[in-house]
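Each remark here refers to the structure printed beneath this line.
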Amino acid sequence: MAEAEVKLLGTWSSPFVLRIKWALKLKGVEYDFIEEDLQNKSPLLLKYNPVHKKVPVLVHDGKSIAESYVILEYIDETWKENPILPEDPYQRAMARFWSKFGDEKFLPSMWKFFISQGEKREEALVSASENLKILEGELKGKKFFNGETLGFADISLGWIVDTVSLLEEIMELKMIDEQRYPSLSAWMKNFSDFPGIKDSFPPQERMLTKYRTLREAYFATTRGTN
Amino acid sequence: MADKVILLSSWVSAFGLRVQIALAEKEVDYEFREENLFDKSPLLLELNPVHKKIPVLIHNGKPVCESSVIIQYIDEVWTNGPSLLPQDPLQRANARFWADFVDKMIYQCGSRVWKNKGDAQAAAKKELIGILKQLEGELGEKPFFGGETLGYVDIVLVPFSSWFYTYETFGGFSIEKECPKLLAWVRRCNERESVSKVLPDRHKVYERTCGLKKRLGLE
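Chains as they are written, first to last, in the working numbering: chain A, -4 to 221; chain B, 30 to 248.
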């Protein structure tokens, strides 16, 4: 039996891995998923991503590609069906810009809010809310960040759909409410209803346990040092 | 209609310099506007409200922000010049990977070398040497990261060479000694006018960093 020509090394919970699964699903690409234990990295992972030793890693015909954006662009350039990036160079630049914003500004601000306590938590909430307003402003009037259909920026920001709800449940507050963020709220629904995305999120109960545990661990290390 | 291209940047920004090299490689005429990073212009704040940072490329009135996004935009718009990224998807992925590596590693590590003292500085220095050696390994025997000619990774990395003297002087080490092949690559890049005409003098970068350290109260 021939080996699958496409393999994806990842973990069940990583949002960076999930975006690759979405892209492969949208393009109709069959692949083998290899679950990695990041506390005990496999020789395969160390071989295919020696520089960062992280997931996701895509292996195509024996050649490895690492870093989720790099992988997304590779997937789009290799399998031409259902393009993820638009054709126009300016629209492509915007898609890349918003993807970077999501990972380099918004995600760290959400994470900081999630693991902070006391005064630092209030500051972190202000920062995360500002970033949410920026995303709301960018979406206004559009069904997806990409326009009428789901694209690169949506796939990159898609982690918001389940992760923010998760963090909201653990922290017992609502961050993305319909009143303040009507476009983002609509986008979250449109995104999760999209064929290929639906039912693809990792099991919520398992995620809740994982993130609750992580948060407790952070609180324990900072207890008494504030 | 002729293209109108403006670049908001600073003479000392490695991120801005890479955009200048890309524009020069493509022979694009543009207006350079120096920004004072302690007194940002209303135009910069208007066109990059999210990050308020340079560089910002303004092409026929439309802004593009984030240097790696700008360079890919330049490559996709001005297609009659040399290609900055390779054609093959796997090679493009490799170029993007190493450009991302440069972006993630050099600036923050290099900054820690000149900003810190003692153990923190020693650790940053060791890390920086490690990063440069990894890049040297990726270069291998090729004349450029892009192969026979200057490419995306070369353009993204070479502006940091103007900072080498600063890192070396503050950190007390020699990059040439640690990474001779990388220095040979720097000299090769400087044979191209697109690079040599744009990169600032290393002593000016050092003086400016000394001034910045004072201003930030880091002495």
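Glycine included, C-beta positions come from ideal geometry on N, C-alpha and C. Owing to the predicted nature of the structure, the values given are computational and were not obtained by experimental measurement.
By the Cβ rule, the stretch 122 to 135 of chain B counts as touching the stretch 158 to 174 of chain B, because three or more pairs are nearer than 8 Å. Pro81 of chain A is bridged by DSSP to nothing; it lacks a bridge partner. DSSP places Gly191 of chain A outside both helix and strand once states are collapsed to three, so it counts as coil. Each residue's CA atom was taken as its position, placing Asp194 of chain A and Ser223 of chain B some 51 Å apart.
Counting only runs that start and end inside the stretch 30 to 84 of chain B, the beta strand (DSSP E) elements of at least 3 residues fall at 34 to 38 and 60 to 63. Bounds of any beta strand (DSSP E) do not take in Ile204 of chain B; it lies within the alpha helix (DSSP H) bounded by Ile204 to Glu207. The DSSP-derived three-state label of Ser97 of chain B is helix. Residues of chain B whose Cβ lies closer than 9 Å to the Cβ of Lys49 of chain A do not exist; the shortest such Cβ separation is about 12 Å.
Using a Cβ-Cβ cut-off of 7 Å, Arg14 of chain A is close to nothing in chain B; its nearest Cβ partner there is about 16 Å away. Taking the Cα of Met170 of chain A as reference, the smallest distance to any Cα among A:Thr204, A:Ala119 and A:Gln34 is reached at A:Ala119. The shortest C-alpha to C-alpha distance from Asn65 of chain B to any of B:Trp40, B:Gly176, B:Ile158 and B:Ser96 is the one to B:Trp40. Boundaries of the alpha helix (DSSP H) harbouring Leu241 of chain B: Arg231 to Arg244, taken from the DSSP string.
Put simply, the stretch 86 to 93 of chain A touches the stretch 91 to 103 of chain B. At least three CB pairs are less than 8 Å apart.
Under the criterion of beta carbons closer than 8 Å, Leu168 of chain B and Leu211 of chain B qualify as touching, at roughly 7 Å. In the structure shown, Ser112 of chain B falls within a coil segment according to DSSP collapsed to helix, strand and coil. At a cut-off of 9 Å between beta carbons, Cys94 of chain B contacts chain A.
Between the alpha carbons of Leu130 of chain A and Lys171 of chain B lies a gap of roughly 42 Å.
With a threshold of 16 other beta carbon atoms within 10 Å, Val156 of chain A meets it and is buried. Per DSSP, the beta-bridge partners of Ile60 of chain A are A:Leu53. In this structure the stretch 59 to 75 of chain A lies against the stretch 30 to 48 of chain A, because at least three pairs of beta carbons, one per stretch, are closer than 8 Å.
Inter-segment contact for the stretch 17 to 28 of chain A and the stretch 66 to 83 of chain A is present: three or more beta-carbon pairs are separated by less than 8 Å.
Residues of the same chain with a CB within less than 8 Å of the CB of Arg201 of chain A, apart from the 5 flanking positions on each side, are Trp7 and Ser8 in chain order. Contacts with chain B (Cβ-Cβ distance below 8 Å) from the stretch 78 to 91 of chain A involve Pro84, Tyr85, Arg87, Ala88 and Arg91, listed in chain order. In this structure, the straight-line span from the alpha carbon of Ser190 of chain B to that of Val93 of chain B is close to 25 Å.
Counting C-beta pairs with one atom in each stretch, the stretch 47 to 57 of chain B and the stretch 105 to 114 of chain B have three or more that are closer than 8 Å, which means they touch. Here the stretch 66 to 79 of chain B does not lie against the stretch 179 to 199 of chain A, with fewer than 3 beta-carbon pairs under 8 Å apart.
Distance from the CA atom of Gln150 of chain B to the CA atom of Tyr26 of chain A, rounded to whole angstroms, is 45 Å. Leu3 of chain A is positioned such that its CB atom lies closer than 9 Å to that of Ile15 of chain A.
Taken atom to atom, the span from the alpha-carbon of Ser124 of chain A to that of Leu102 of chain A is near 12 Å. Counting only residues of its own chain and dropping the five nearest sequence neighbours on each side, Glu63 of chain B has a CB closer than 8 Å to the CB of Ser38, Ser39 and Trp40. In the DSSP secondary-structure assignment, Pro92 of chain B is bridged to B:Ile87. Our two residues, Pro188 of chain B and Ile150 of chain A, have alpha carbons roughly 32 Å apart in a direct line. From the listed residues A:Arg210, A:Asp172 and A:Leu161, the smallest Cα separation to Gln199 of chain A is found for A:Leu161. Within the stretch 93 to 122 of chain A, those residues whose Cβ lies closer than 8 Å to any Cβ of chain B are, in chain order, Lys95, Phe96 and Lys100. Inclusion of Tyr194 of chain B and Tyr136 of chain B in the CB contact set at 9 Å is not warranted, their separation being larger than that value.
Between Val48 of chain B and Pro84 of chain B, the C-beta gap is smaller than 9 Å, which places the two residues in contact.
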